[in-house]
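S.K.: Residue numbers (the working numbering): 30 to 365.
We put the CB at the ideal spot given by N, CA and C, even for glycine.
Below: one structure in structure tokens.
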Amino acid sequence: MQIPQISVIIPVFNAAPFLQESIESILNQTFSDFELIILNDKSTDESLEIIKKIQSKDNRIIIIDKEQNVGPANLRNEGISAARGAFIALMDADDIAIPTRFEKQIAVLKNNPEIGVCGTGFTFFGSQKNKTIQHSTHHDAIKVSFLHSCNIGNPTVMFKKEILCDLKFDNDFVPAEDYDLWSRLLAKTNFYNIPESLLNYRQHDNNISKTKIDNVNRSVKRVKINQLNALEINPADPKIDFYLNAVSLQKKLSPQEIIETINASKVLLSQNEKIGYFNQNLLEKHINKVLVRTIRNASSFDIAFYKHLSKNEKTLFRKISLFDRMLLYFKSLFGR
Numbered sequence: 030m031q032i033p034q035i036s037v038i039i040p041v042f043n044a045a046p047f048l049q050e051s052i053e054s055i056l057n058q059t060f061s062d063f064e065l066i067i068l069n070d071k072s073t074d075e076s077l078e079i080i081k082k083i084q085s086k087d088n089r090i091i092i093i094d095k096e097q098n099v100g101p102a103n104l105r106n107e108g109i110s111a112a113r114g115a116f117i118a119l120m121d122a123d124d125i126a127i128p129t130r131f132e133k134q135i136a137v138l139k140n141n142p143e144i145g146v147c148g149t150g151f152t153f154f155g156s157q158k159n160k161t162i163q164h165s166t167h168h169d170a171i172k173v174s175f176l177h178s179c180n181i182g183n184p185t186v187m188f189k190k191e192i193l194c195d196l197k198f199d200n201d202f203v204p205a206e207d208y209d210l211w212s213r214l215l216a217k218t219n220f221y222n223i224p225e226s227l228l229n230y231r232q233h234d235n236n237i238s239k240t241k242i243d244n245v246n247r248s249v250k251r252v253k254i255n256q257l258n259a260l261e262i263n264p265a266d267p268k269i270d271f272y273l274n275a276v277s278l279q280k281k282l283s284p285q286e287i288i289e290t291i292n293a294s295k296v297l298l299s300q301n302e303k304i305g306y307f308n309q310n311l312l313e314k315h316i317n318k319v320l321v322r323t324i325r326n327a328s329s330f331d332i333a334f335y336k337h338l339s340k341n342e343k344t345l346f347r348k349i350s351l352f353d354r355m356l357l358y359f360k361s362l363f364g365r
């Protein structure tokens, strides 16, 4: 049997209403040399029957039917282990791939040996108004942006299987296991996001529980702390939250917290200048953008805070627009 160039991996759990449309968007790709590995996570709806019906008409489909529910991280790892292709494409069971997605991604990966991971833009659809997301395009910018959030759409990703080595999706980081894996791979290979929407990403009306939100926030924070390890920032440092504030926007901080965050940002920039893990210019721009927005959104204002910024943080202060500086002055003057 001929080895396919691409192995596509779709984890499935109770996705019957959307599954056929999703699978057909893969089968109808303009680049057709692939195997489609569908892992059914003990679905209790008609998902398995739908998959089998489509498989009977297309021998590129391989079904792995789990006897126990193991979750998407474990399913993707199993799919990667079973994959025969040199390139791995990820896909979710309710999304829709644009027909030219694989054709364009494999061209990027084949023509650029330094690039190991390729994402694309994507468009939200479903419960809300359609909105297209285009993350940073080139590696250095993606790497810096990862300090704030996952800068690649997981179901848009195609990567070279060889770059993973022993890395895999870590179940301890669920539900942010994708953010964790890609952040670790950033140190091993170059990333690229095609500046074009090549996937329709389905949104649902399902209410997210507070417990799930808390789990996401905890996992995301751990990923961000791990990235700061590259700058030799100790996770146990009592100022760790201020380091995180400097690279990841917080909605409301007090004036004193903002001053501590500015001081922490100087440490990060100094460490990176010495170590060179991030592009220094892009890191500085990113931090300044975060700090300016943090100052604008301060939980309170006073004249001492304004004077500190204008006298002791002149470089940063000049990056605040004239209108916002005036607004900051009046808010500080009246303590609002």
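Would you say the beta carbon of A216 is closer than 6 angstroms to some non-hydrogen atom of the ligand ADP?
M.R.: No copy of the ligand ADP appears in this structure; indeed no ligand is present at all.
S.K.: Are A112 and S51 closer than 7 angstroms when you measure CB to CB?
M.R.: no
S.K.: Among P204, L227, R231, D209, which one has its Cα closest to the Cα of Q157?
M.R.: R231
S.K.: DSSP has A126 in a bridge; who is on the other side?
M.R.: L228
S.K.: Please determine if the segment 68 to 88 and the segment 185 to 192 are in contact, where contact requires at least 3 C-beta pairs separated by less than 8 angstroms.
M.R.: With a cut-off of 8 angstroms, the segment 185 to 192 and the segment 68 to 88 do not count as touching, because too few Cβ pairs lie within range.
S.K.: Can you check which of these residues, L257, N57, I291, is closest to Q300 by C-alpha distance?
M.R.: L257
S.K.: Taking the CB atoms as reference points, tell me whether F60 and F131 lie closer together than 7 angstroms.
M.R.: yes
S.K.: If you measure between the beta carbons of I66 and I32, is that distance less than 7 angstroms?
M.R.: Cβ atoms of I66 and I32: not closer than 7 angstroms.
S.K.: Near D70, which residues of its chain fall below 8 angstroms by C-beta distance, leaving aside the five closest residues on each side in sequence?
M.R.: P40, V41, F42, K95, N98, V99, G100, P101, L104
S.K.: Report the rounded CA-to-CA distance for L356 versus T290, giving the unit in angstroms.
M.R.: 21 angstroms
S.K.: Examine the Cβ distances between the segment 321 to 339 and the segment 272 to 283 and report whether three or more of them are shorter than 8 angstroms.
M.R.: yes
S.K.: In the DSSP assignment, find the unbroken alpha helix (DSSP H) run with S54 in it and report its ends.
M.R.: 45 to 56
S.K.: Which class does N159 belong to by DSSP, given the choice of helix, strand or coil?
M.R.: coil
S.K.: Given that a residue counts as buried once 16 or more other Cβ atoms are within 10 Å of its Cβ, and exposed if not, what is N180?
M.R.: buried
S.K.: Check the C-beta distance from F202 over to D209 and give it rounded, since I have them as a contact under 8 angstroms.
M.R.: 4 angstroms
S.K.: Assuming L297 and I324 form a contact by the criterion Cβ under 8 angstroms, report the distance between their Cβ atoms to the nearest whole angstrom.
M.R.: The Cβ separation is near 17 angstroms, so there is no contact.
S.K.: Give the DSSP bridge partners of T149, in chain order.
M.R.: I223
S.K.: Just curious, the alpha helix (DSSP H) that A265 is in, first and last residue?
M.R.: It is not in any alpha helix (DSSP H) - A265 carries neither H nor E in the DSSP assignment.
S.K.: Taking the runs of the alpha helix (DSSP H) that are 4 residues or longer, which of them lie wholly in the segment 249 to 296?
M.R.: If we require 4 residues or more, the alpha helix (DSSP H) runs fully inside the segment 249 to 296 come out as 269 to 276.
S.K.: Using a threshold of 7 angstroms, state whether the C-beta atoms of A170 and I55 are closer than that.
M.R.: Between A170 and I55, the C-beta gap is not smaller than 7 angstroms, which leaves the two residues out of contact.
S.K.: Quick check on D378: buried or exposed, where buried means 16 or more other Cβ atoms within 10 Å of its Cβ?
M.R.: For the chain, the structure presents residues 30 to 365; residue 378 sits outside this window and is missing.
S.K.: Short check: CB of I223 to CB of K133, under 7 angstroms?
M.R.: Their beta carbons are under 7 angstroms apart, which means I223 touches K133 by this criterion.
S.K.: Which residues does DSSP list as the beta-bridge partners of E64?
M.R.: According to DSSP, which records beta bridges pairwise, E64 is partnered with S36.
S.K.: With burial defined as no fewer than 16 other Cβ atoms inside 10 Å of the residue's Cβ, what is the status of T149: buried or exposed?
M.R.: buried
S.K.: Using DSSP with H/G/I as helix, E/B as strand and the rest coil, what is K189?
M.R.: strand
S.K.: Return the first residue and the last residue of the alpha helix (DSSP H) that A118 is part of.
M.R.: Taken as a continuous stretch (DSSP letters only), A118 belongs to no alpha helix (DSSP H), being part of the beta strand (DSSP E) at 116 to 119.
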